[in-house]
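Chemist: Numbering (this note's numbering), first residue to last: 3 to 105.
Every residue gets a Cβ at the ideal spot worked out from N, C-alpha and C, and that includes glycine.
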Amino acid sequence: MLQTTSLDVPKTLTGIQKTAKGVAFGCLQKLEIGTLTIIESFSTSGDSCRKVEERFGAPRSNEPAAVIEVKHPDFYRRLLQGGSIAAGEAYMDDWWDSPDLSA
3 MLQTTSLDVP KTLTGIQKTA KGVAFGCLQK LEIGTLTIIE SFSTSGDSCR
53 KVEERFGAPR SNEPAAVIEV KHPDFYRRLL QGGSIAAGEA YMDDWWDSPD
103 LSA
């Protein structure tokens, strides 16, 4: 049996990934009801899977608060290209997760 070793090679975001992330975050800046926290847990710029957190919206009582963990740098591009269907497919591909999907 052939034995191989897989390496997780950190990389920087591509131009398309940076642009897609910027567009997505720009849209989320307009969030008026509830809050969304995005935790990025993919490896970039030589970091060893450093978690980066971004919050959108203003926390207020009786409004929803959601948290998602983005695990793949192409998530934002995929989301912008395909909307909610692409978000669901990305979830099935383990590109993102949430501790409370119904939040």
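Tell me, which residues are paired with W98 by DSSP?
Modeler: In the DSSP output, where bridge partners are listed per residue, W98 has V72.
Chemist: Can you give me the start and stop residues for the beta strand (DSSP E) that I40 sits inside?
Modeler: T37 to E42
Chemist: When you compare only the Cα positions, how much space is there between P75 and L30?
Modeler: 17 angstroms
Chemist: Determine the extent of the beta strand (DSSP E) in which E65 is found, giving its start and end residues.
Modeler: No beta strand (DSSP E) holds E65; DSSP gives it neither H nor E.
Chemist: For P101, which residues from the same chain have a beta carbon less than 7 angstroms from its beta carbon, with the 5 sequence-adjacent residues on both sides left out?
Modeler: V69
Chemist: Specify whether the region 31–46 and the region 56–72 touch according to this definition: at least 3 beta carbon pairs, one from each stretch, less than 8 angstroms apart.
Modeler: They touch, by the three-pair rule.
Chemist: Using 8 angstroms as the threshold, is the C-beta distance between S43 and K73 below it?
Modeler: yes
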